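Engineer: In full-length UniProt numbering, the protein residues as written are 1 to 138.
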């Protein structure tokens, strides 16, 4: 989630057919269909992992390594903040996080996918994040 800024539900419900490895993109449709093979299925393969399952797993991990509690949403918030510091515009950050743009032009007329701009922004974000990790020795 920190790498993509995605919502927990978007990651939990991710299906293999939503990943285009050749183009290096994840396509999240506005509606998902049933009876698909999920990237993170439940133990009985009846659907995606529930969002609270991720939160519970994080809570267990944090207790083991004695880090203050945080939620998956904190990773999304951190993505939004740090991509701003990396120089990515608010419009592209909003588009990366699938925020709906509510102006008339965006809602009704602008059907462009902004893939080129999103890809460029993700490259900037990758370089920025790798710079942070290099500084702390990762």
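Beta carbons are placed, not taken as given, at the ideal position from N, Cα and C, and that holds for glycine. Small disclaimer: the values here were computed from a predicted structure and weren't measured.
Buried or exposed for residue 60, going by 16 or more other Cβ atoms inside 10 Å?
Structural biologist: Exposed: under 16 other Cβ atoms inside 10 Å.
Engineer: Is it true that the region 97-106 meets the region 123-132, where meeting means three or more beta-carbon pairs spaced less than 8 Å apart?
Structural biologist: no
Engineer: Which of the three DSSP states, helix, strand or coil, is assigned to residue 98?
Structural biologist: coil
Engineer: Using the Cα positions of residue 87 and residue 12, report the straight-line distance between them to the nearest angstrom.
Structural biologist: 29 Å
Engineer: Identify, in the order they occur along the chain, each residue of the same chain with its Cβ nearer than 7 Å to the Cβ of residue 2, setting aside the five sequence neighbours on each side.
Structural biologist: 75, 78, 79
Engineer: Consult DSSP for residue 124 and reduce its assignment to one of helix, strand or coil.
Structural biologist: helix
Engineer: Considering only their Cβ atoms, is the gap separating residue 95 from residue 114 smaller than 7 Å?
Structural biologist: yes
Engineer: Leaving out five residues before and five after residue 118 in sequence, what residues of the same chain have Cβ atoms less than 7 Å from its Cβ?
Structural biologist: 92, 95, 96
Engineer: How long is the line joining the alpha carbons of residue 18 and residue 24, rounded to whole angstroms?
Structural biologist: 11 Å
Engineer: If you run the structure through DSSP and keep just helix, strand and coil, what is residue 11?
Structural biologist: helix
Engineer: Any idea if residue 72 is buried or exposed, counting beta-carbon neighbours within 10 angstroms, 16 or more meaning buried?
Structural biologist: buried
Engineer: Starting from the Cα of residue 9, find the closest Cα among 29, 22, 20, 21 and give me that residue.
Structural biologist: 29
Engineer: Who are residue 88's beta bridge partners in DSSP?
Structural biologist: The partner list for residue 88 (beta bridge, DSSP) is empty, contrary to what the question assumes.
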